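Those protein sequences? They're chains A and B, same order as listed.
Under the working numbering, think of the first position of the first sequence as 3, with each following residue one higher.
Under the working numbering, think of the first position of the second sequence as 283, with each following residue one higher.
Think of the CB as a built atom: it goes at the ideal place given N, C-alpha and C, for glycine as much as any other residue.
Everything numeric in this text was worked out from a predicted model, so none of it was measured.
What follows is a single structure, written as structure tokens, with notes after it.
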Amino acid sequence: MNVSFARTWSKLTESMLFLPIAALLMILAFDLFAIPGFFRLELKDGHLFGSVIDILRNGSPTVILAMGMTLVIATGGVDLSVGAVMAIASSVACIMINPTITGMALTDPGLFLKDPQYSWAPLWMVIVVPLIIASLCGMWNGMLVSYWRIQPMVATLVLMIAGRGIAQLVTNAIKIIIFNDTYAYLGNGWIILPFSLYIATAVFLTAWLLTRRTAIGLFVESVGINFRSSYYSGINERRIKLFAYTFCGFCAGIAGLIATSAIRTSDANQIGLYTELDAILAVVIGGTLMGTGGRFSLLGSAIGGLVIQATITSMLSFGVPASAITAVKAVVVIVVILLYSEQAQKFIRGVGSVTMRGEAAR
Amino acid sequence: MPDSDRDIVVMTGIDKSFPGVHALENVDFSLARGEIHALVGENGAGKSTLIKILTGVDRADKGTITLDGQSVSPRSPLHAQELGISTVYQEVNLCPNLTVAENILIGRQPSHFGVSIDWKALNARARESMKELDIDIDVTQPLGAYSVAIQQMAAIARALVISNAKVLILDEPTSSLTTHETLQLFKVMRKLKGEGIAIVFITHFLNQVYEVSDRVTVLRNGTLVGTYPTASLSRLELIRLMLGRTITVLDDMTAHKMESSHHIAVESLLEADDVGLANSVEPFDLSLHAGEVVGIAGLLGSGRTEIANLLFGIDRPDIGSIVMDHKPIKDFSPHASIARGVALCPEDRKVEGIVADLSVRENIILALQAGQGWFRRIGTKEQYEIADKYIKLLSISTPTADQKIKNLSGGNQQKVILARWLAANPRLLILDEPTRGIDVGTKADIQKLVLSLAEEGKSCVFISSELDEVLRTSHRIVVMRDRAKVTEFSGQVDEKGIMQAIAGSAS
Numbered sequence: 003m004n005v006s007f008a009r010t011w012s013k014l015t016e017s018m019l020f021l022p023i024a025a026l027l028m029i030l031a032f033d034l035f036a037i038p039g040f041f042r043l044e045l046k047d048g049h050l051f052g053s054v055i056d057i058l059r060n061g062s063p064t065v066i067l068a069m070g071m072t073l074v075i076a077t078g079g080v081d082l083s084v085g086a087v088m089a090i091a092s093s094v095a096c097i098m099i100n101p102t103i104t105g106m107a108l109t110d111p112g113l114f115l116k117d118p119q120y121s122w123a124p125l126w127m128v129i130v131v132p133l134i135i136a137s138l139c140g141m142w143n144g145m146l147v148s149y150w151r152i153q154p155m156v157a158t159l160v161l162m163i164a165g166r167g168i169a170q171l172v173t174n175a176i177k178i179i180i181f182n183d184t185y186a187y188l189g190n191g192w193i194i195l196p197f198s199l200y201i202a203t204a205v206f207l208t209a210w211l212l213t214r215r216t217a218i219g220l221f222v223e224s225v226g227i228n229f230r231s232s233y234y235s236g237i238n239e240r241r242i243k244l245f246a247y248t249f250c251g252f253c254a255g256i257a258g259l260i261a262t263s264a265i266r267t268s269d270a271n272q273i274g275l276y277t278e279l280d281a282i283l284a285v286v287i288g289g290t291l292m293g294t295g296g297r298f299s300l301l302g303s304a305i306g307g308l309v310i311q312a313t314i315t316s317m318l319s320f321g322v323p324a325s326a327i328t329a330v331k332a333v334v335v336i337v338v339i340l341l342y343s344e345q346a347q348k349f350i351r352g353v354g355s356v357t358m359r360g361e362a363a364r
Numbered sequence: 283m284p285d286s287d288r289d290i291v292v293m294t295g296i297d298k299s300f301p302g303v304h305a306l307e308n309v310d311f312s313l314a315r316g317e318i319h320a321l322v323g324e325n326g327a328g329k330s331t332l333i334k335i336l337t338g339v340d341r342a343d344k345g346t347i348t349l350d351g352q353s354v355s356p357r358s359p360l361h362a363q364e365l366g367i368s369t370v371y372q373e374v375n376l377c378p379n380l381t382v383a384e385n386i387l388i389g390r391q392p393s394h395f396g397v398s399i400d401w402k403a404l405n406a407r408a409r410e411s412m413k414e415l416d417i418d419i420d421v422t423q424p425l426g427a428y429s430v431a432i433q434q435m436a437a438i439a440r441a442l443v444i445s446n447a448k449v450l451i452l453d454e455p456t457s458s459l460t461t462h463e464t465l466q467l468f469k470v471m472r473k474l475k476g477e478g479i480a481i482v483f484i485t486h487f488l489n490q491v492y493e494v495s496d497r498v499t500v501l502r503n504g505t506l507v508g509t510y511p512t513a514s515l516s517r518l519e520l521i522r523l524m525l526g527r528t529i530t531v532l533d534d535m536t537a538h539k540m541e542s543s544h545h546i547a548v549e550s551l552l553e554a555d556d557v558g559l560a561n562s563v564e565p566f567d568l569s570l571h572a573g574e575v576v577g578i579a580g581l582l583g584s585g586r587t588e589i590a591n592l593l594f595g596i597d598r599p600d601i602g603s604i605v606m607d608h609k610p611i612k613d614f615s616p617h618a619s620i621a622r623g624v625a626l627c628p629e630d631r632k633v634e635g636i637v638a639d640l641s642v643r644e645n646i647i648l649a650l651q652a653g654q655g656w657f658r659r660i661g662t663k664e665q666y667e668i669a670d671k672y673i674k675l676l677s678i679s680t681p682t683a684d685q686k687i688k689n690l691s692g693g694n695q696q697k698v699i700l701a702r703w704l705a706a707n708p709r710l711l712i713l714d715e716p717t718r719g720i721d722v723g724t725k726a727d728i729q730k731l732v733l734s735l736a737e738e739g740k741s742c743v744f745i746s747s748e749l750d751e752v753l754r755t756s757h758r759i760v761v762m763r764d765r766a767k768v769t770e771f772s773g774q775v776d777e778k779g780i781m782q783a784i785a786g787s788a789s
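Okay, structure coming up:
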């Protein structure tokens, strides 16, 4: 304990990444001592398996959602509709693989019986079209918020509620089962590591490049902190918000595709259910301020997403029944709220300054 | 001097500093029983700070307050109310969905044995208290059903009823009232005055000062200019006192200015022809030239900021045309203006200027980056170069370019905002109150900067409520009054003429 420690400490604690990383390390430390074999990795057919890999795989959709949600929250808004947009994207993807339930007559109705791998639309379109539709959903939210000046919470609630209905309509309220293995690769594939992890990494990198290698990140933060000053400085704040919500919809689309692919079913009622809350929680854990917006950290949000998944996986491994997991999440929320309060922040920073004062007294 | 028989409130040697601003400096203020005392001064003069200290919102750093001969120090608005000092604010802060009676007596409602509210007594007492103000209305109706004036009366009634007020402070009470309603308010004020209540009346309508007040206290830049019997002070003199004519070290600037006037371009850069906007500013003509500083003088609310907003495209004129580079402007938005080379340093630094949580560097490059668009990002290294250049040029005092702007003093924040616009390299720079609330040294720096910018061939519009500042920096002066352009002075500027133009009469 010396002055240089105090200095490093204050630098460390001021970083937005301090709390999310600390939280992740704490959970992993708990696993190390409380759950034997938590960190064991197995190599099967050249692919890695294990609890840590499960965290990365199951956490991927949340991380992806959190990327778009970060930008939306940074502009001072919120998007409650991402779960519903996931459902829409998955319904669209499934109906494009197998449109028979819409009553559409195929040239040969026996196609699916002869070849379960058959897909009505080419697979690239099965990916691209749902993503375009999801982006349009996000754009709709952005229109309501930026041009019609509707409160983000209310504006996105519209699609949150209507979205699942739309998703049901698309598939005639029927769960379409996917036999196509190539499509299932999105959520089930492995290249040493789970394939969805690569998608999450790609989305993270795209979001980072898009915001930090252009001026968009600065404008998003500026609009979130003070939209009037931003407007007076020549920033088109409406367009920035429209962009953030559109990107958020796009991310929700990707997460939706992964989710249907993982369970090989379009389930408009279950896909993405309550994921908007996970995404928001991930962003908040990552240090972006909910409600006021402003400074954001994509890496923080990504780690935040992993913190949530790590908690869930750890609790399941520890023996907590799956039905009680929501209660565990509630505890996480309470801890996060307490840790991010001004008093707690002061206390954490205070640890360093106490050392510094103690040193000076000596 | 203080006379405890006559004076109910005596404030002596009041001093108050906020980070970066000396809001009040050794101010004395006394209020006599049964008088209406007007408190006037431009924005940032210290009126509201003085009132906040008297009503316990802020605590003075130095100085004493006596009430009825007793030394007091109000800790909170509630405490001040208990002492007998009540305030009615500009915006009525009552609940429009409750009845008038409930609003007046909430917290003091008469009850049956302390359990249930005695509605009959409540309504009767409320009706009575409104009648004392000569207003006879149905107090069981929701407050929101009545006009702003009646709502204000209810606020006054509440102030009188719940605290037995001896001192009543009315903060800009007439700003949202019609002429008729204002007269009604004045009637009530005179009645209360007759009952021995002392009233502090804050307003920026000078005719109302003359209509209703007995004495007037003038503040300027946080110092007391003086207290005068209203009847003995001419309107012109009052304006002179409010705007000030403090001669400082800067008068060599006048010579400098005369010299620089040779650089003014003949051809105009921007030409506003009969431009106006309903409910904002009456149609006006204005031509701006490269190398020239045009000052806009006038009192608060005279239409100065409205002109700036039209020229910068915040507002779209509904009549007339603005021509720049021989092309009429069609696209009115800050973004389009910046592309044309127009910049506005806005009046309200906190709300329209700074982006508090961003660093000094990011604040400086913001407008330049906005002009370049989303995808042509200014490199980090270049950002530091630009920031460091302006930190040096404007001697902005900040530890590093990465400091958050909210941690800087007001004057330095203002310099950062100036730097933001200088970095965008505009041809026309509009400065709306660029020196408000900042110290004298920085003011001088900014004034000098404006002149040197003009010398470099930029066209500047300089808006200020301090007349000496406008006189010192401007080659040409436009005078505004009551949301209209009154006249324009150029060449040898006649200070007295300008004041008369601002006042609107020769008296």
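Asked	Found
Test item: CB-CB of Ile484 (chain B) and Leu452 (chain B) under 9 Å	yes
Nearest candidate by alpha-carbon position, reference Leu275 (chain A), set A:Gly288, A:Gly258 and A:Gln153	A:Gly258
Length at least 4, wholly inside the stretch 164 to 195 of chain A: the alpha helix (DSSP H) runs in chain order	183 to 190
Arg763 (chain B) in three-state terms, based on DSSP	strand
Phe614 (chain B) at chain A interface by Cβ criterion, 9 Å	no
Cross-strand partners of Thr422 (chain B) (DSSP beta bridge)	According to DSSP, which records beta bridges pairwise, Thr422 (chain B) is partnered with nothing at all.
The stretch 248 to 255 of chain A contacting the stretch 658 to 678 of chain B, beta-carbon criterion three pairs below 8 Å	no
Helix, strand or coil at Gly585 (chain B) according to DSSP, with G and I counted as helix	coil
Residue-chain proximity (Arg297 (chain A), chain B), Cβ-Cβ < 9 Å	yes
Inter-stretch contact at 8 Å, needing at least 3 Cβ pairs: the stretch 650 to 660 of chain B / the stretch 232 to 246 of chain A	yes
Phe298 (chain A) (DSSP reduced to helix, strand or coil)	coil
Option in A:Ser53, A:Ile37, A:Ala36 and A:Pro38 with minimal Cα separation from Glu44 (chain A)	A:Ser53
Close beta carbons around Gln119 (chain A), own chain, < 8 Å, minus the five adjacent residues each side	Phe181, Asn182, Asp183 and Thr184
Inter-residue Cα distance where the pair is Thr512 (chain B) and Arg497 (chain B)	5 Å
Pick from B:Gln729, B:Ile784 and B:Val642 that is closest to His757 (chain B), judged by C-alpha positions	B:Gln729
Closer than 7 Å at the beta carbon, the chain B residues around Ala216 (chain A)	One point to set straight first is that residue 216 (chain A) is Thr, not Ala, in the sequence displayed. Result: Trp656, Phe657 and Arg659.
Alpha helix (DSSP H) runs contained entirely in the stretch 37 to 93 of chain A, provided each spans 4 or more residues	53 to 76
Arg215 (chain A), buried or exposed, once every other Cβ within 10 Å from all chains shown has been counted against 16	exposed
Alpha helix (DSSP H) segment containing Glu553 (chain B), residue limits	It is not in any alpha helix (DSSP H) - Glu553 (chain B) instead sits in the beta strand (DSSP E) that spans Ser550 to Leu559.
Contact list for the stretch 55 to 87 of chain A against chain B, Cβ threshold 9 Å	none
Best match in A:Ser121, A:Met162 and A:Leu199 for proximity to Ser62 (chain A) [C-alpha to C-alpha]	A:Leu199
In DSSP terms, what Thr769 (chain B) is bridged to	B:Val761
Ala683 (chain B) at chain A interface by Cβ criterion, 9 Å	no
Closer than 8 Å: Leu332 (chain B) CB and nearest the ligand COA heavy atom	This structure does not include the ligand COA; it has no bound ligands of any sort.
Spatial neighbours of Ala362 (chain B) in its chain, beta-carbon cut-off 6 Å, leaving aside the 5 residues before and after	Thr337, Gly338 and Pro356
Boundaries (first-last residue) of the alpha helix (DSSP H) holding Ala618 (chain B)	Pro616 to Arg622
Contact check, Cys65 (chain A) vs Ser303 (chain A), beta carbons under 9 Å	A quick correction: the sequence has Val, not Cys, at residue 65 (chain A). Closer than 9 Å, so yes.
Coil, strand or helix - Pro118 (chain A) by DSSP	coil
Chain B contacts from the stretch 227 to 245 of chain A (Cβ-Cβ distance under 7 Å)	Ile227, Asn228, Arg230, Ser231, Ser232, Tyr233, Tyr234, Ser235, Gly236, Ile237 and Asn238
Backbone CA spacing between Leu387 (chain B) and Ala209 (chain A) [nearest angstrom]	57 Å
Rounded straight-line distance, which links the Cα of Ala329 (chain A) to that of Ile23 (chain A)	23 Å
Amino acids of chain B, ordered along the chain, whose beta-carbon sits closer than 7 Å to that of Ser432 (chain A)	Limits of chain A in this structure are 3 at one end and 364 at the other, which puts residue 432 (chain A) out of reach.
Sufficient close CB pairs (3 or more, under 8 Å) joining the stretch 549 to 559 of chain B to the stretch 592 to 602 of chain B	yes
Contact set between Leu220 (chain A) and chain B, taken where Cβ atoms lie within less than 9 Å	Leu640, Glu644, Ile647, Leu648, Gln651 and Arg659
Spatial distance of Ile99 (chain A) from Arg59 (chain A) (CA atoms)	24 Å
Beta-carbon neighbours of Ile620 (chain B), restricted to chain A and to distances below 7 Å	Gly236
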